[in-house]
Amino acid sequence: MDYIEIFKALSNKGRFQILQWLKDPEAHFPYQEHADLREIGVCVGQIQRKSGLTQSTVSEYLAIMQKANLVHSVKIGQWIYYKRNEEILQLISNFFKDEL
1 MDYIEIFKAL SNKGRFQILQ WLKDPEAHFP YQEHADLREI GVCVGQIQRK
51 SGLTQSTVSE YLAIMQKANL VHSVKIGQWI YYKRNEEILQ LISNFFKDEL
């Protein structure tokens, strides 16, 4: 696990906020109709709408978070859905408890 990549990804307020929203997708994305938010994830368009950022910025943010292994994606038809990588987030939590 590359902690530096993870910390870089988390150092941006927008990316950090997206990760927080994905923790409780039902509360933050109540209008998504196409997929189970917990199992499949949240559509990029829904994240873009909530954030107010451009689609290209949101896609870039998600790519950075995916490179850091903070999120998983799945493509269904023309849509890409993202959800948190809870295993990595638990390892990060343990790292803070044990190492810092």
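Sequential numbering from 1 applies to the sequence shown in full-length UniProt numbering. Glycine is no exception: its CB is placed at the ideal position from the N, C-alpha and C atoms.
At the level of alpha carbons, what is the spacing between residue i and residue j?
i: residue 19; j: residue 84; result: 7 Å
i: residue 44; j: residue 3; result: 25 Å
i: residue 62; j: residue 94; result: 24 Å
i: residue 54; j: residue 76; result: 22 Å
i: residue 67; j: residue 100; result: 23 Å
i: residue 78; j: residue 17; result: 25 Å
i: residue 90; j: residue 97; result: 11 Å
i: residue 9; j: residue 74; result: 20 Å
Check whether the region 36–44 touches the region 20–27, taking contact to mean three or more Cβ pairs, one atom from each stretch, closer than 8 Å.
yes
Give the list of continuous beta strand (DSSP E) stretches no shorter than 3 residues that lie fully inside the region 65–99.
71–76 and 79–84
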